[in-house]
Structures are given as C-alpha cells and as structure tokens.
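Data first, discussion second: the structure below is written as structure tokens.
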Ligand code: SF4
Ligand code: SF4
C-alpha cells in the first residue's frame, strides 16, 4: 500500500513524542518488514507495523493516530521477537494509544480505548492485569452485562482467568512507575 504523508505533517511530526513515551529508537528500523509478516492482526487492518514506523520516520503527525492497528494490536510481541533491530512495536503502539487519548483521536466508535484504560487501571491497582475485574468494568462501561456470559463458566473451568487478582506483583513499584510516567507526561 502506498504511504501518503501530508506536506504540513512533516512540521508537526509526532516521532519525538513517540520516542519519548516508548523509549524506542524508531529511526533504527530497516524496513525489512519481518514485523509485518509475523503480525497476527496486520492483514485485518488497513496498515501494518512497518508502515506505522515508516510513516513516523517520514514525519507523520496526528493523522497517524487514527490508524486502526493502534487499537487492534494485541501486544503479542511477535514483531519484537522477529525484529533484527529489537524494535518493540508493542511499546510503540502503546505510545500511540497514549497520544491518541491525549489528543482525542481515539476512535469514538470502538471500545478498545475503554478496554485499554481499564486494563492499565487494573495493572496500576494490582500490579498485574486482573482479567475478571477488567471484564466486569468493561461490561459496566459498555452496558453489555449479559453478552457472552454463557462462556464465563467454561473460561473459569479451564483456568483461563483467575477469580482473584494475582498476589505476586510488586504493587508499590508498579504504582511508582505509573506515577512517574503521569508526572513526566504533565511536564
Ligand atoms: S522488523 Fe524491525 S527493522 Fe524490520 S521493519 Fe519491522 S520494525 Fe523495522
Ligand atoms: S505486538 Fe502488535 S504490532 Fe506487534 S505483532 Fe503483535 S499485534 Fe502485531
């Protein structure tokens, strides 16, 4: 797919903000496309991880935040494991999600921003994701109380989600990381 960058976008590119939030050196990308070839979601979206990187390198601005893959990325890290330059795309996608939220570009017609917020909230509270809690909050936030409820007993029986939050995390340290990031973002 051809990559189109608006001329005026070069002046207001978001690459530095993405670098700042993710800590990833986006300019190290060689465009080998190994990430895209292994990405389980790129074939279902109109853009791919390597395209996102290329667009950032070319100076794309906030229009990039409207890309569907930012919200369909499942943070599986397949791209990272294949990347010869060790670029962690999941972190880049996370940074783009943060910017999409900050600028109000988060897709209003989808529930992924809500799910993302809820999952991060459970990590901040419990030190790790708490799936059952996140599920309950998501259902409350989308008023979809009964949807897929018939699958819950099977999910619990197979041990796919735990009834209680994980006890092994260093909650204090995780909270400190969140607080540090929130302060850094306000600067
Ligand atoms: S695998 Fe790494 S170097 Fe290759 S295109 Fe993807 S991000 Fe760039
Ligand atoms: S982390 Fe996201 S971008 Fe990377 S392979 Fe998985 S779904 Fe694709």
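Residue numbers (my numbering): 1389 to 1575.
We put the beta carbon where it would ideally sit given N, CA and C, even for glycine.
Contact check, residue i vs residue j, beta carbons under 8 Å
{"i": "residue 1487", "j": "residue 1573", "result": "no"}
{"i": "residue 1461", "j": "residue 1426", "result": "no"}
{"i": "residue 1424", "j": "residue 1410", "result": "no"}
{"i": "residue 1502", "j": "residue 1533", "result": "no"}
{"i": "residue 1565", "j": "residue 1480", "result": "no"}
{"i": "residue 1641", "j": "residue 1469", "result": "Nothing can be reported for residue 1641: it is not among the residues displayed for the chain, which extend from 1389 to 1575."}
{"i": "residue 1585", "j": "residue 1443", "result": "With the chain covering only 1389 through 1575, there is no way to say anything about residue 1585."}
{"i": "residue 1465", "j": "residue 1478", "result": "yes"}
{"i": "residue 1421", "j": "residue 1434", "result": "no"}
Coil, strand or helix - residue i by DSSP
{"i": "residue 1562", "result": "helix"}
{"i": "residue 1454", "result": "helix"}
{"i": "residue 1433", "result": "coil"}
{"i": "residue 1426", "result": "helix"}
{"i": "residue 1534", "result": "coil"}
{"i": "residue 1397", "result": "Because the pLDDT at residue 1397 is just 48, under 50, the model does not fix this residue reliably, and the point stays unresolved."}
{"i": "residue 1516", "result": "coil"}
{"i": "residue 1341", "result": "Outside the displayed range of the chain (1389 to 1575) lies residue 1341, so it cannot be described from this structure."}
{"i": "residue 1462", "result": "coil"}
{"i": "residue 1445", "result": "helix"}
{"i": "residue 1484", "result": "helix"}
{"i": "residue 1382", "result": "Since the displayed the chain opens at 1389 and closes at 1575, residue 1382 lies outside it and no answer follows."}
{"i": "residue 1553", "result": "coil"}
{"i": "residue 1473", "result": "coil"}
{"i": "residue 1415", "result": "helix"}
{"i": "residue 1527", "result": "helix"}
{"i": "residue 1521", "result": "helix"}
{"i": "residue 1478", "result": "helix"}
{"i": "residue 1570", "result": "helix"}
Any non-hydrogen atom of ligand 1 closer than 7 Å to residue i Cβ
{"i": "residue 1463", "result": "no"}
{"i": "residue 1479", "result": "no"}
{"i": "residue 1437", "result": "yes"}
{"i": "residue 1440", "result": "no"}
{"i": "residue 1421", "result": "yes"}
Proximity test, residue i beta-carbon vs ligand 2 heavy atom, cut-off 7 Å
{"i": "residue 1447", "result": "no"}
{"i": "residue 1417", "result": "no"}
{"i": "residue 1513", "result": "no"}
{"i": "residue 1434", "result": "no"}
Nearest residue (CA-CA) to residue i, options the options
{"i": "residue 1537", "options": "1520, 1408, 1553", "result": "1520"}
{"i": "residue 1559", "options": "1430, 1511, 1484", "result": "1511"}
{"i": "residue 1402", "options": "1484, 1528, 1534, 1472", "result": "1484"}
{"i": "residue 1450", "options": "1489, 1420, 1474", "result": "1489"}
{"i": "residue 1557", "options": "1456, 1517, 1495", "result": "1517"}
{"i": "residue 1456", "options": "1447, 1499, 1471", "result": "1499"}
{"i": "residue 1428", "options": "1535, 1463, 1407, 1539", "result": "1463"}
{"i": "residue 1445", "options": "1505, 1417, 1472", "result": "1417"}
beta-carbon residue i near ligand 4 non-hydrogen atom, thresh 7 Å
{"i": "residue 1472", "result": "The ligand content of the structure shown is limited to ligand 1 and ligand 2, which means ligand 4 is not among them."}
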